[in-house]
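The structure under discussion appears below in the form of structure tokens.
In our numbering, the protein residues as written are 39 to 337.
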């Protein structure tokens, strides 16, 4: 258990008990966090982790590609999206971003300065920390392609700097120690001689709006694409668009998106995910792995 009285004497960041998680994930579902903390900066985060070293820790950014279960989250959720959003432009075309920055914001920052290589990030709904943890990508790009180094923090509050070569990086997968969390990353970019990066973003966003259910509560893509196939096509081929369990349904616009209606429970979404996996395996003999990470215990 966290000693709130002691911690509040030593930090300025906001810490709350029994905090609803629904406004901190893009599905707008889930139970309460036992504790919820928004650190003001790295220095304060280090202090907090040392004081709460025996507490289970869950880091959140924008809360996309996660499903927070109805039972809630034991221990403390540390949310970075409102505070860890600074960046620096260093020498030799190197950009450093904190982990709470949204991928969209990073795409805009670099493109407005006429640097190319991260335009595709506008199509990723999450924040930098989560994108790094899963090697997020779209439109032919993956986030780790331009990374040169990252800073992590462990559960003891120690900062660790690592180079890209220290990680094994695959499709939607990074070999990250479960006790380490990304807090920033540096990218090496090139100036764009065509001066068209902002136009590229506009075209990506137009394409995204035409194909995906933007504006509705979802997590982004639910399933990873298996080898030589697309998850959305497999699901669509079984006629599952619009299929509903409780308040959760498969988007009629894009079959790899699950939408939550008002009153949806996390268990509705999880049941729908399991149903889709079962049907695709029965009919196609392909098991769809999830991009979604499940947080919390089942009821």
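Every residue gets a Cβ at the ideal spot worked out from N, C-alpha and C, and that includes glycine. As the structure is a computational prediction, the values presented were derived from the model and not from experiment.
Query                                                                                                                                                      : Result
For residue 60 and residue 68, which I take to be in contact (beta-carbon distance under 8 Å), what is that distance rounded to the nearest angstrom?      : 6 Å
Which first and last residues belong to the beta strand (DSSP E) in which residue 105 is found?                                                            : 104–106
I think residue 40 touches residue 96, with their Cβ atoms under 8 Å apart; what is that distance to the nearest whole Å?                                  : About 13 Å; that fails the 8 Å criterion.
Which of helix, strand or coil does DSSP assign to residue 87?                                                                                             : helix
Would you grab the beta carbon distance between residue 273 and residue 293 for me? Rounded to a whole angstrom, and I think it's under 8 Å.               : 4 Å
Tell me which same chain residues have a C-beta within less than 7 Å of the C-beta of residue 86, skipping the five on either side of it?                  : 45, 49, 75, 77
When DSSP builds the beta bridges, which residues end up paired with residue 134?                                                                          : 126, 224
Around the Cβ of residue 319, are there at least 16 other Cβ atoms within 10 angstroms (buried) or fewer (exposed)?                                        : exposed
Within its chain, find whatever has a CB closer than 6 Å to the CB of residue 259; leave out the 5 residues flanking it on each side and keep chain order. : 294, 329
Do you know offhand how far residue 106's Cα is from residue 306's?                                                                                        : 12 Å
By DSSP, does residue 165 sit in helix, in strand, or in coil?                                                                                             : strand
If you draw a straight line from the alpha carbon of residue 51 to that of residue 269, how long is it in whole angstroms?                                 : 41 Å
What is the residue span of the alpha helix (DSSP H) that residue 73 lies within?                                                                          : Where residue 73 is concerned, there is no enclosing alpha helix (DSSP H), although the beta strand (DSSP E) it sits in stretches over 70–76.
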